[in-house]
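Number 49 in numbering that gives the first Met the number 0 belongs to position 50 of the sequence shown; there are no gaps in the numbering.
Even glycine gets a Cβ: it sits at the ideal position worked out from N, Cα and C.
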Amino acid sequence: MEGIQANLPVEVLDHIIRHTIPDADYLAYPSSHPTTETLVSLLTVSKATSQTAKLLLYTHCLYIDTPWRLDSLLTNSLSTTNCSVPVARINQLYLSPFSGGTINERKVVEQITELFTILAPSLKRLIINMPLRSHYPQEDVVTKLRPILRQGFSLLANLEEFSSVQDNLFLAYWDPAIDRVFPDDEWEDTKS
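Right under this line is the structure:
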């Protein structure tokens with residue numbers, strides 16, 4: 000029995016790969032999950048498996064839990080020149096990009112807004128794990144990070160499901176020109 004080669008049709012391979020996702024309703028599998036590890040391995044097997052694995056990684060494993068993952072996603076994956084997955088297919092995300100217990104990281108805040116700008120038309124489900132109450136409005140007069148985050152979150156008009164692990168969505172900001180804090184409900188009135 001020498002050298003019997005059996006080739007599966009690409010459609011069968013595609014079907015098998017799609018069944019690596021144990022629960023299609025699960026928001027995002029982390030990088031350490033066997034599903035994610037399997038899909039990452041399938042990226043390097045062949046061109047036939049790579050495209051399906053990449054699509055499933057973006058649609059079921061978008062679990063951003065460090066600043067470098069967020070940076071990598073924006074610079075390497077979702078940049079207009081490199082993106083091989085239609086952004087419209089990305090509709091769920093787990094986002095926990097801050098390295099410490101505070102949101103006082105300007106680059107991360109700006110990248111969150113950039114990510115939301117890209118994903119806003121298609122993003123339907125979002126879970127965040129951000130220390131939003133770590134940097135109060137009165138502490139944000141100089142850095143002005145809260146208005147940047149607020150701008151990013153305000154883009155998510157198509158969001159259907161939202162959960163926050165740590166804090167509620169507290170994005171009030173201090174406006175020293177009128178010496179008061181703009182809470183979330185009053186902000187809508189001041190935009191127009």
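Secondary structure at Gln91: strand, using DSSP grouped into helix, strand and coil. If you draw a straight line from the Cα of Thr101 to the Cα of Val9, it comes to about 47 Å. Here Ala52 is near Leu41, since their CB atoms are less than 8 Å apart.
When Cβ pairs closer than 8 Å are counted between the two stretches, the region 141-150 is seen not to touch the region 119-127, the count staying below three.
Rounded to the nearest whole angstrom, the CA to CA distance from Asn167 to Lys46 is 43 Å. In this structure, the CA atom of Asn103 is about 16 Å from the CA atom of Asp70. Ile15 has no beta-bridge partner at all, per DSSP.
Of the residues assessed, His134 falls on the buried side of the cut-off, its CB having 16 or more other CB atoms within 10 angstroms. The DSSP assignment places complete alpha helix (DSSP H) segments of no fewer than 4 residues inside the region 43-68 at 46-59, in order along the chain.
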